[in-house]
Every structure is written in C-alpha cells, then in structure tokens.
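Add 484 to a position in the sequence shown, counting from 1, and you land on the number used in the working numbering. Beta carbons: idealized from backbone N, C-alpha and C, even for Gly.
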Amino acid sequence: MVFPLSLMHADDYAARRVVLIGDAAHIVHPFAGQGVNMGFGDASALSRIIAEGVAVGTGIGEV
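If you want it as structure tokens, here you go:
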C-alpha cells in the first residue's frame, strides 16, 4: 500500500462552542509519527486557553 506524503489542516479550527483538535484539525502522514504528539499539544494549548479565559471571567463557550 502506498501513502502519498502530505500535510493537511483545517482552514478554521474553532467556531462557537466547537474546537477541532488532533486528527480532526490536521492530518499527518502515518509514517511521520507526529499525530498523537500534535493531538497532545492541541489538548494542552486548548486547556491553557480555556483556563486563562475562565480566570478572567469569560464564559467557557466564549473563550
């Protein structure tokens, strides 16, 4: 089986109350071995952004 090497990502990562992370946000060739790492990075960034927003009184759906 042949997989073309490519990197694709979503044009928009967030809309009201919906955020794409991990494979839903960007696709990496399986041999690159970065898929889970990018997903962990996305989850970490999202949790930080939510925490910062909530800390200043922003509603979680508005962050």
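For Met522, the three-state secondary structure derived from DSSP is helix.
Residue His510 holds the alpha-carbon nearest to the alpha-carbon of Phe524 among His510, Glu536 and Met492. Counting along the chain, His510 sits inside the beta strand (DSSP E) bounded by residues His510 to Val512. For Leu530, the secondary structure class from DSSP, reduced to helix, strand or coil, is helix. Excluding five sequence positions before and after Gly519, the CB atoms of its chain that fall closer than 7 Å to its own CB belong to Asp507 and Val512, given in chain order.
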